[in-house]
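K.L.:
Numbering (full-length UniProt numbering), first residue to last: 1 to 260. Glycine is no exception: its CB is placed at the ideal position from the N, C-alpha and C atoms.
(1) Would you kindly work out how many angstroms separate the C-alpha atoms of residue 121 and residue 168, rounded to a whole number?
(2) Taking only the alpha-carbon atoms, compute the straight-line gap between residue 3 and residue 44 and give it to the nearest angstrom.
(3) To the nearest angstrom, report how far apart residue 202 and residue 234 are at their CA atoms.
(4) Is it a yes or a no for the stretch 95–114 touching the stretch 13–27, going by three-plus beta-carbon pairs under 8 Å?
(5) Using only CA atoms, which one of 193, 210 and 67 lies nearest to residue 172?
(6) By a C-beta neighbour count over all protein chains shown, 10 Å radius and 16 as the cutoff for buried, is residue 195 buried or exposed?
(7) By how many angstroms is the C-alpha of residue 126 removed from the C-alpha of residue 92?
(8) Cβ atoms of residue 141 and residue 207: under 9 Å apart, would you say?
(9) Under 8 Å: do the stretch 96–105 and the stretch 66–86 share three or more Cβ pairs, one atom per stretch?
(10) Provide the residue span of the beta strand (DSSP E) that contains residue 244, from first to last.
(11) Quick check: the stretch 182–195 against the stretch 230–248, are there 3 or more CB pairs under 8 Å?
(12) Mark residue 260 as exposed unless 16 or more other C-beta atoms lie within 10 angstroms of its C-beta, in which case mark it buried.
(13) What three-state label does DSSP hand residue 251 in the structure shown?
(14) Apart from the five residues just before and just after residue 53, which ones in its own chain have a Cβ nearer than 8 Å to its Cβ?
Here's what the structure looks like:
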């Protein structure tokens with residue numbers, strides 16, 4: 001399913017997007033050495049509930065997972081990169097954390113993710129990997145406009161990641177959003193320009209470059225959800241939800257203070 005949002009629905013999407021961004025910003029500010037992943041999940045639940053919104057994850061049960069996800073935020077640490085199931089783990093100095101959050105409010109979903117390092121130990125190679133995902137996301141957004149095709153965005157993202165020296169997995173990537181979290185079209189993190197679905201105003205896309213330092217192969221944890229690098233290498237993940245506009249793309253998952 002591919003949804004094209006009306007101006008009224010797009011206005012609601014802006015509210016949802018700012019909520020997701022604000023929650024992630026708060027989580028990042030509160031997360032430090034000694035924070036437990038289950039505390040991050042509880043904080044997320046409280047903020048979603050207070051906003052009168054709904055989690056997209058608690059009852060999420062796709063074919064690739066093991067039963068309902070059952071938590072409010074994905075918490076992926078170090079060699080974990082996607083779908084990190086919150087569990088009883090206390091963050092240590094130098095841990096590389098990725099938080100991924102999707103929320104529905106007033107019938108519209110927004111989805112965003114970020115990566116950061118906790119504590120004083122900031123390894124240059126970790127920061128470079130996080131920076132590469134940021135730059136790849138910027139490139140994908142810059143390529144998004146009416147008439148462009150999904151392959152143009154994939155190519156822009158993949159070009160940045162490959163130039164930075166990272167293997168690219170295309171199994172999991174960006175996707176359409178709207179009244180539900182995961183919709184068509186799939187936006188791979190590498191692709192051929194000029195191919196795929198043509199973009200139209202009102203289309204919402206979640207673009208999410210993610211990389212693993214030395215492999216493109218994933219393995220699944222015993223929890224049935226958490227995806228890790230097959231080699232145990234570190235990982236990074238960045239995501240924004242954007243809306244295709246008449247002349248480009250609007251980032252919806254920016255903090256509310258960014259709009260003042």
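P.N.:
Checking against the coordinates, here is how it stands:
(1) Start at 1 with the first residue of the chain shown, and residue 121 comes out as number 121. Start at 1 with the first residue of the chain shown, and residue 168 comes out as number 168. Those two C-alpha atoms are separated by around 27 Å.
(2) What you label residue 3 is simply residue 3 of the chain shown in a count that begins at 1. What you label residue 44 is simply residue 44 of the chain shown in a count that begins at 1. For residue 3 and residue 44, the distance between alpha carbons rounds to 27 Å.
(3) By 1-based counting over the chain shown, the position of residue 202 is 202. By 1-based counting over the chain shown, the position of residue 234 is 234. Going by the C-alpha atoms only, they are around 36 Å apart.
(4) yes
(5) As a first step, residue 172 must be located in the chain shown, where it is residue number 172. Comparing Cα positions, the closest option is 210.
(6) As a first step, residue 195 is located in the chain shown; it is residue number 195 there, counting from the start. The residue in question, residue 195, is exposed, as its Cβ has fewer than 16 Cβ neighbours within 10 Å.
(7) The residue labelled residue 92 in the question sits at position 92 within the chain shown. The residue labelled residue 126 in the question sits at position 126 within the chain shown. Cα-Cα distance, rounded: 15 Å.
(8) Residue mapping note: residue 207 aligns to position 207 of the chain shown, counting from 1. Residue mapping note: residue 141 aligns to position 141 of the chain shown, counting from 1. Yes. Within cutoff.
(9) yes
(10) Indexing the chain shown from 1 puts residue 244 at position 244. Per DSSP, residue 244 belongs to the beta strand (DSSP E) from 240–244.
(11) no
(12) Taking the chain shown and counting its residues from 1, the one referred to as residue 260 is at position 260. Residue placement at residue 260 is poorly supported in this model, since its pLDDT is 46, which falls under 50; the coordinates still yield a value, given next. By the 10 Å Cβ count, residue 260 comes out exposed.
(13) One-based indexing of the chain shown puts residue 251 at position 251. Here residue 251 sits in strand by DSSP.
(14) The residue given as residue 53 occupies position 53 in the chain shown. Closer than 8 Å at Cβ, skipping near neighbours: 16, 19, 103, 104 and 105.
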